[in-house]
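Numbering (the UniProt record's numbering), first residue to last: 1 to 416.
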Ligand SMILES: [Zn+2]
Ligand SMILES: [Zn+2]
């Protein structure tokens, strides 16, 4: 009851008071944490559960896997995969889907694909997960091929798989293809598009630079556009530097979602690129008046099966001194003529600290960082430059997608 009502702390208090915890007790708490996005607590609790000697079942494992997916904890997820086999759940489709999703969201698309390929029975959920997986990584062409393949095998698509394929098309710039899919929903499959699909199409048109078409499309909607629809237009205005339309989209979106900080930050960035100082200060005042607070940026990176959390500018890590030394070295590599101190706000953004830490402790040639917010333009340039000097693939999953940095360029083609 407490979990369902959103009171995770009260549920935990009760949980702690139960002397003899059954599997059901553990599952209720683990799924509760997992549903409310408390991934770290899920992993801690799962540790406790193992210590207590209670064996997990499918419900436990799905909860823990989805937390690994959110946190980018691939090593822990990989251990779970072994555990699943040992416990005899190896052929459970439910768990296979969860594993696939975990690998895709941790940046390991090849492992996700291997699991998908080996599945004897692929459900609509499996297809949705793999199509979405490729989409997140900017490989929209593969998503489209998979979608068509799914249709050929006779599976009837639902609204969720259309969201995945439309998102994939927009991240890969497949505008025409995406529009075809959108219009086929009703015509071919008798599915009424929801606002989520409309926002995908706005994103699709907007990214392709067809801003006025995107606006007309919003006005032609049969239902009232919601926040994400206008938000997609605002995001497109940022990419294509259209200040006028951005103002309009912003006015609409803050009316619907006045507390969503992301939109204020977007418009403020648009003003800053247009050198509009007045605009920036207007946004600041508006945020102060409405009490909208900026979420602190943080990043996770996993090393040797342990998750390390970095906040922007944080100095609480045991390897703090080495991390900041490394950051200075990287800064010098990237900008040898600039003796800028490592103190300005963007130079200590959480993903940079995570990367410096990972480079210090690396055993593999891949570094995967999970970040809660959208990566900023400064850090994007920084990581691209850093990737020239190392034989590493730097992967950053930000709030919207994956960025794969290698040899000085990014898989998003600077389009995010
Ligand atoms: Zn940044
Ligand atoms: Zn990128």
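Every residue gets a Cβ at the ideal spot worked out from N, C-alpha and C, and that includes glycine.
Mind reading off the beta-carbon distance from residue 283 to residue 267? Whole number of angstroms is fine, and I expect it under 8 Å.
6 Å
Just the C-alpha distance for residue 99 and residue 71, rounded to the nearest angstrom, thanks.
14 Å
Hey, residue 178 and residue 204: beta-carbon distance below 8 Å or not?
yes
Just confirm the distance between the C-beta atoms of residue 401 and residue 416, as a whole number of angstroms; I'd bet it's less than 8 Å.
6 Å
Could you check which residue in 301, 354, 64 and 242 has the C-alpha nearest to that of residue 326?
354
Ordered list of alpha helix (DSSP H) runs contained in the segment 5–51, each at least 4 residues:
8–17 and 23–35
Residues in its own chain within less than 8 Å of residue 408 by CB, not counting five upstream and five downstream?
384, 385, 387 and 388
Output the distance between the C-alpha atoms of residue 163 and residue 193, rounded to the nearest integer angstrom.
10 Å
With the cut-off set at 8 Å, would you say residue 296 and residue 312 are in Cβ contact?
yes
What are the partner residues of residue 393, as DSSP defines its beta bridges?
366
Are there any heavy atoms of ligand 2 lying less than 7 Å away from the beta-carbon of residue 410, as far as the coordinates show?
yes
Just verifying my parser: in three-state terms, what is the DSSP assignment at residue 286?
helix
With ligand 1 as the reference, list in chain order each residue whose Cβ lies under 7 Å from any of its heavy atoms.
346, 349, 351, 375, 376, 378 and 379
Cβ-based burial, residue 134 [other Cβ within 10 Å; buried from 16]
buried
Given a cut-off of 8 Å on the beta-carbon distance, is the pair residue 259 and residue 292 in contact?
yes
Out of curiosity, what's the CA-to-CA distance linking residue 67 and residue 356?
24 Å
Have a look at residue 288 and residue 277 and give me their C-alpha separation to the nearest angstrom.
17 Å
Taking the C-alpha atoms as reference points, what is the distance between residue 393 and residue 298?
21 Å
Can you tell me the Cα-Cα spacing of residue 160 and residue 182, whole angstroms?
12 Å
I need the straight-line Cα distance from residue 144 to residue 137, nearest angstrom please.
13 Å
Under a three-way DSSP split, which group does residue 163 fall into?
helix
From residue 23 to residue 55, what distance separates their C-alpha atoms?
8 Å
Would you check whether ligand 2 has a heavy atom nearer than 7 Å to the C-beta of residue 416?
yes
Within this structure, are the beta carbons of residue 140 and residue 174 separated by less than 8 Å?
yes
Classification of residue 5 by the beta-carbon crowding that lies within 10 angstroms, buried from 16 upward:
exposed
Consult DSSP for residue 350 and reduce its assignment to one of helix, strand or coil.
helix
Helix, strand or coil, according to DSSP, for residue 271 in the structure here?
helix
Helix or strand or just coil, what does DSSP make of residue 298?
strand
Can we say the segment 151–160 touches the segment 112–120, given the rule of at least three CB pairs closer than 8 Å?
no
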